[in-house]
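Visitor: Please read through the structure below; I'll follow up with questions.
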Amino acid sequence: MNRYESAVLILEEMATLLDMAGIQGWAESLRRVGSYNESEASVLYNTVLGMYGGSGSLSDIVLYHNGELLKEENNKFDELRSKLYLLCR
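Using the UniProt record's numbering, you'd call the opening residue of the sequence shown number 1 and step up by one each time.
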């Protein structure tokens, strides 16, 4: 699996976790970026990196469901978020 394919797979996994927590806006954003063609890989990488900065960014997301912290899901999301950053930088 190449860098682009890995990034797209991670984006979908993250979107699934966001859906579980009811964070549809971010889930849709990640899926939109993940739909870029491989020929647009550099745009995908730059767009993803832009999502990590500032208040309310991808870095700030914590997953809850019905007011309960989703510990395992947050651990997985954090792992995916770190991998995605490393792939895109």
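Yeah, the Cβ is synthetic: ideal placement off N, Cα and C, and Gly gets one too.
(1) Does the Cβ-Cβ distance between glutamate 68 and leucine 17 come in under 8 Å?
(2) The alpha helix (DSSP H) that contains aspartate 19, what's its start and end?
(3) Drop a sphere of 10 angstroms on the beta-carbon of valine 43, count the other beta-carbons inside from all chains shown, and report buried for 16 or more, exposed for fewer.
(4) I believe leucine 80 touches methionine 14 by the beta-carbon criterion, under 8 Å. Please report the beta-carbon distance rounded to the nearest angstrom.
(5) Can you have a look at leucine 86 and say buried or exposed, based on whether 16 or more other CB atoms are within 10 angstroms of its CB?
(6) Exposed or buried, methionine 51, counting other C-beta atoms within 10 Å across all chains shown (16 or more means buried)?
(7) Since arginine 31 and glutamate 5 should fall inside the 8 Å C-beta cutoff, what is the C-beta to C-beta distance between them, to a whole number of angstroms?
(8) Give the list of continuous alpha helix (DSSP H) stretches no shorter than 4 residues that lie fully inside the region 20-79.
(9) By Cβ distance, which residues of its chain are closer than 7 Å to arginine 89, with the 5 residues on each side in sequence left out?
Guide: To lay it out plainly:
(1) no
(2) 3-20
(3) exposed
(4) Their Cβ separation, rounded to whole angstroms, is 5 Å, which keeps leucine 80 and methionine 14 in contact under 8 Å.
(5) exposed
(6) By the Cβ neighbour-count rule, methionine 51 is buried, with 16 or more other Cβ atoms within 10 Å of its own.
(7) About 15 Å; that fails the 8 Å criterion.
(8) The DSSP assignment places 24-34, 41-50 as complete runs of the alpha helix (DSSP H) inside the region 20-79, in order along the chain (cut-off: 4 residues).
(9) Leu49
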